[in-house]
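First up is the structure itself, then whatever we jot down about it.
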Amino acid sequence: MRKSGILMHITSLPNPYGIGSVGKCAYEFVDFLSKAGQSYWQILPLSPTGYGDSPYQSFSTFAGNHYLIDLDMLIAEGLLKQEEADAVCWCREEGRVDYGCLYSNRSKLLRLAYGRFTPDEAFEKFVSDNADWLEDYALFMSLKEAFHGCAWQSWTEGLVMRDPQVLARYRKEFADSIGFHSFLQYTFFRQWTALRSYANGQGIRIIGDVPIYVPLDSADVWSNPQLFQLDGSGRPKMVAGCPPDSFSADGQLWGNPLYDWDRMKETGFAWWIRRLAAASRMYDVVRLDHFRGFESYWAIPAGDNNAAGGSWQPGPGLDFIRAVQAALPDLDFIAEDLGYVTSEVRQLQEDSGYPGMKVMQFAFDSRETADYLPHTYPVNSVCYSGTHDNLTLAQWFEEASAEDVAMARSYLGLNEEEGLVRGMIRACMGSVSRLCVIQMQDYLELGACARMNFPGTLSADNWTWRAPKGFITEELTKRIFDTTQRYGRL
15 MRKSGILMHI TSLPNPYGIG SVGKCAYEFV DFLSKAGQSY WQILPLSPTG YGDSPYQSFS
75 TFAGNHYLID LDMLIAEGLL KQEEADAVCW CREEGRVDYG CLYSNRSKLL RLAYGRFTPD
135 EAFEKFVSDN ADWLEDYALF MSLKEAFHGC AWQSWTEGLV MRDPQVLARY RKEFADSIGF
195 HSFLQYTFFR QWTALRSYAN GQGIRIIGDV PIYVPLDSAD VWSNPQLFQL DGSGRPKMVA
255 GCPPDSFSAD GQLWGNPLYD WDRMKETGFA WWIRRLAAAS RMYDVVRLDH FRGFESYWAI
315 PAGDNNAAGG SWQPGPGLDF IRAVQAALPD LDFIAEDLGY VTSEVRQLQE DSGYPGMKVM
375 QFAFDSRETA DYLPHTYPVN SVCYSGTHDN LTLAQWFEEA SAEDVAMARS YLGLNEEEGL
435 VRGMIRACMG SVSRLCVIQM QDYLELGACA RMNFPGTLSA DNWTWRAPKG FITEELTKRI
495 FDTTQRYGRL
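If you read the sequence shown in our numbering, its first letter stands for residue 15, the second for the next number, and so on.
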């Protein structure tokens with residue numbers, strides 16, 4: 015059955031407190047999706063953001079982002095006062111998330127809420143049900159604060175080596191801080207679960223990302239060092255990245271620690287299955303980021319300045335896919351199979367049965383060797399106008415080479431009367447892909463200022479775009495509905 019959806023991260027929703035939340039603004043967006051005939055809302059990872067404010071670099075793959083907790087709901091519950099929320103400077107520039115302001119102010123306000131919170135049976139049940147990750151995460155965050163944000167490898171030896179007696183002593187010493195971080199997770203998941211239930215009731219399914227790698231400085235690595243390629247002091251032997259290509263002569267040096275896939279396999283991929291089971295409690299569909307890394311991955315010696323000195327190493331392959339499918343038979347996946355795709359990667363994607371991704375922009379990029387022209391799409395695929403890592407369509411038409419734009423105009427029959435951006439959206443919706451996902455920025459026909467991320471860079475512009483107030487209009491809703499109906503995706 016043909017369906018469509020919109021890619022719009024929660025942080026980009028308009029909200030008076032500096033960043034989108036899982037409150038009123040999110041419920042209104044769900045209503046908009048329903049009225050526009052959409053079936054999916056795709057978002058970025060909901061995990062707490064770490065250095066660089068990237069949702070793909072989180073202190074925990076299991077936790078939720080406390081920045082997304084809705085303050086109005088806490089005010090309604092009597093845990094906050096309106097004047098307390100209004101007294102905070104949430105941003106210095108309208109239309110941008112100011113993570114500096116959030117970092118400085120949000121936790122202070124949430125601590126006020128925690129001080130007025132009385133733990134009840136529901137809270138205790140949440141803590142008990144999530145003890146397998148929450149205990150380590152809450153302690154990890156408490157220790158991060160105590161050590162002024164330093165990476166865990168620089169903590170005391172007893173903490174680095176996770177001496178049980180040392181851990182027990184710190185759990186007792188930081189009991190209040192651990193309670194606060196547990197409260198944040200309880201509050202986030204309580205609010206998020208309610209929103210997801212509302213979306214599902216409106217016929218909207220949530221697509222969420224699971225990054226293939228986790229950061230070295232995370233509760234995930236600190237609590238499971240044996241599952242990663244680390245030395246005895248907790249430092250990586252090899253790190254993740256991408257090889258040099260036509261886009262980057264040095265490749266991409268991500269720096270994430272690599273998994274010890276042999277050890278993972280010995281455990282039946284238990285940690286990954288727990289991770290994806292947790293994702294299933296957040297999302298209805300999981301987009302497996304960097305899917306090609308499950309077939310083979312680029313391993314770079316730790317300490318290298320770029321990715322050129324890396325080498326391909328075998329991933330877990332079909333053994334991993336089959337273990338996941340056996341453990342989580344009802345969870346749907348999308349394989350993010352972009353980038354350097356070999357015949358082996360393509361075979362793994364086909365064997366998995368997961369739909370791959372087709373990005374319309376790539377079809378007309380003369381630097382891209384893969385074939386993304388729509389007439390080659392299989393039905394079992396997801397067509398995107400672009401992703402969070404790409405230019406917006408309006409920006410692409412402004413910045414792409416004249417040759418590439420001319421090819422797109424000719425191939426797609428684009429014209430000024432319809433509009434180039436709307437014409438490319440029409441092509442996406444008209445493709446044979448069973449699912450089509452369009453970025454909100456593209457429906458709004460916004461340019462470079464609305465780009466979500468510039469891969470491989472640390473920029474104040476990354477992850478900060480917010481939609482303008484009143485961006486949802488009757489005209490926009492009707493236009494999206496009509497296009498969705500025309501191409502049989504209602």
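From the three backbone atoms N, C-alpha and C, an ideal C-beta is built for every residue, glycine too.
Just so you know, these numbers come straight off a predicted model, no measurement behind them.
Item                                                                                                                                                                                               : Value
Starting from the Cα of residue 106, find the closest Cα among 373, 30 and 247 and give me that residue.                                                                                           : 30
Tell me whether residue 396 sits in a helix, a strand or coil according to DSSP, three-state version.                                                                                              : strand
What separation, rounded to the nearest whole angstrom, lies between the Cα atoms of residue 125 and residue 199?                                                                                  : 13 Å
So residue 52 is in the beta strand (DSSP E); what residue range does that whole segment cover?                                                                                                    : No beta strand (DSSP E) holds residue 52; DSSP gives it neither H nor E.
Whose CA, out of 210, 323, 139 and 296, lies closest to the CA of residue 253?                                                                                                                     : 323
Output the residue ranges of the alpha helix (DSSP H) runs that lie fully inside the region 227 to 286 and measure 4 residues or longer, sorted by chain position.                                 : 233 to 237 and 275 to 280
Using 8 Å as the threshold, is the region 388 to 406 in touch with the region 368 to 377, meaning 3 or more CB pairs across them?                                                                  : yes
Does the Cβ of residue 480 have 16 or more other Cβ atoms within 10 Å, making it buried, or fewer, making it exposed?                                                                              : buried
Out of curiosity, what's the CA-to-CA distance linking residue 65 and residue 71?                                                                                                                  : 7 Å
Any heavy atom of the ligand COA within a distance shorter than 7 Å of the CB on residue 427?                                                                                                      : With respect to the ligand COA, the structure shown offers nothing to examine, as it has no ligands at all.
Measuring alpha carbon to alpha carbon, tell me which residue in 336, 213, 268 and 261 is nearest residue 36.                                                                                      : 213
Taking Cβ to Cβ, would you say residue 230 is nearer than 8 Å to residue 271?                                                                                                                      : yes
Only counting the same chain, and skipping five residues up and downstream in sequence, which positions put a Cβ closer than 7 Å to that of residue 291?                                           : 342
Please go through the same chain and pick out, in chain order, the residues whose beta-carbon is closer than 8 Å to the beta-carbon of residue 267, but skip the five residues on each side of it. : 253, 255, 314, 318, 319, 320 and 321
Can you tell me whether residue 178 is buried or exposed, with buried defined as 16 or more other CB within 10 angstroms of its CB?                                                                : exposed
Quick check: the region 124 to 143 against the region 32 to 46, are there 3 or more CB pairs under 8 Å?                                                                                            : no
If you reduce the DSSP assignment to three classes, tell me which class residue 28 lands in.                                                                                                       : coil
Do residue 395 and residue 473 come within 8 Å of each other at the CB atom, strictly closer than that value?                                                                                      : no
Would you give the residue range spanned by the alpha helix (DSSP H) that residue 464 belongs to?                                                                                                  : Where residue 464 is concerned, there is no enclosing alpha helix (DSSP H), given that its DSSP letter is neither H nor E.
Out of 28, 26 and 50, state which residue places its alpha-carbon closest to the alpha-carbon of residue 499.                                                                                      : 50
Between which two residues does the beta strand (DSSP E) holding residue 349 run?                                                                                                                  : 346 to 349
Buried or exposed: where does residue 478 fall if 16 or more other Cβ atoms within 10 Å of its Cβ makes it buried?                                                                                 : buried
Could I get the ranges of all uninterrupted beta strand (DSSP E) runs contained in the region 398 to 485, with 3 residues as the minimum, in chain order?                                          : 449 to 453
Taking the alpha carbon of residue 182 as the reference point, which residue from 379, 150, 227 and 100 has its own alpha carbon closest?                                                          : 150
What separation, rounded to the nearest whole angstrom, lies between the Cα atoms of residue 467 and residue 25?                                                                                   : 13 Å
Return helix, strand or coil for residue 95, following the three-state DSSP convention.                                                                                                            : coil
Tell me whether the beta-carbon of residue 452 lies closer than 8 Å to the beta-carbon of residue 21.                                                                                              : yes
Residue 302 lies in the alpha helix (DSSP H); which residues open and close that run?                                                                                                              : It is not in any alpha helix (DSSP H) - residue 302 instead sits in the beta strand (DSSP E) that spans 299 to 302.
Please return the same chain residues whose Cβ sits closer than 6 Å to the Cβ of residue 504, not counting the five positions on each side in sequence.                                            : 51 and 498
Return helix, strand or coil for residue 104, following the three-state DSSP convention.                                                                                                           : coil
Would you identify the three-state DSSP class for residue 63, choosing helix, strand or coil?                                                                                                      : strand
Residue 347 and residue 329 - do their beta-carbons sit closer together than 8 Å?                                                                                                                  : no
Reducing DSSP to helix, strand and coil, say where residue 36 ends up.                                                                                                                             : coil
On the three-state DSSP scale, how would you describe residue 175?                                                                                                                                 : coil
Give a yes or no on whether the C-beta atoms belonging to residue 296 and residue 60 are separated by under 8 Å.                                                                                   : yes
Quick check on the burial criterion: 16 or more other C-beta atoms within 10 angstroms. Buried or exposed for residue 139?                                                                         : exposed
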